[in-house]
Amino acid sequence: MKKILLIVFLLIVGCFKPVEDSTIINKNRLMYLPDSDKPYICEIFNNYSTGKKEYQGRYKIGLLVEYAYLNRDGSVKKLINF
């Protein structure tokens, strides 16, 4: 039981840190962090040259489930759900 709680805790904590989309790797149509053998579960983003977010997305078990293009002011330009 303690191991299960630890794994759940690590998954939750790990998901609070979105990563830049250029850091994840596509392996057989699933996305992974470079040093992981488990499909990615969390958020990705990319920034404009000004540092503001250009787009953001969300992955569950390595598959993209939501993607949002953002305006320079941070408002959502286009939201895509998969």
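Under our numbering, the first residue of the sequence shown is numbered 455, with each subsequent residue one higher. All C-beta atoms in this analysis are idealised placements derived from N, C-alpha and C, irrespective of residue type, glycine included. From a predicted model like this one, the values you see are computed outputs, not experimental measurements.
For residue 511, the enclosing beta strand (DSSP E) covers residues 507 to 514. The beta carbons of residue 487 and residue 516 sit no closer together than 8 Å. Residue burial annotation: residue 511 is buried, with at least 16 other C-beta atoms found within 10 angstroms of its C-beta. An exposed status is given to residue 502, since fewer than 16 other beta-carbon atoms sit within 10 Å of its beta-carbon.
8 Å or more divides the Cβ of residue 513 from the Cβ of residue 523.
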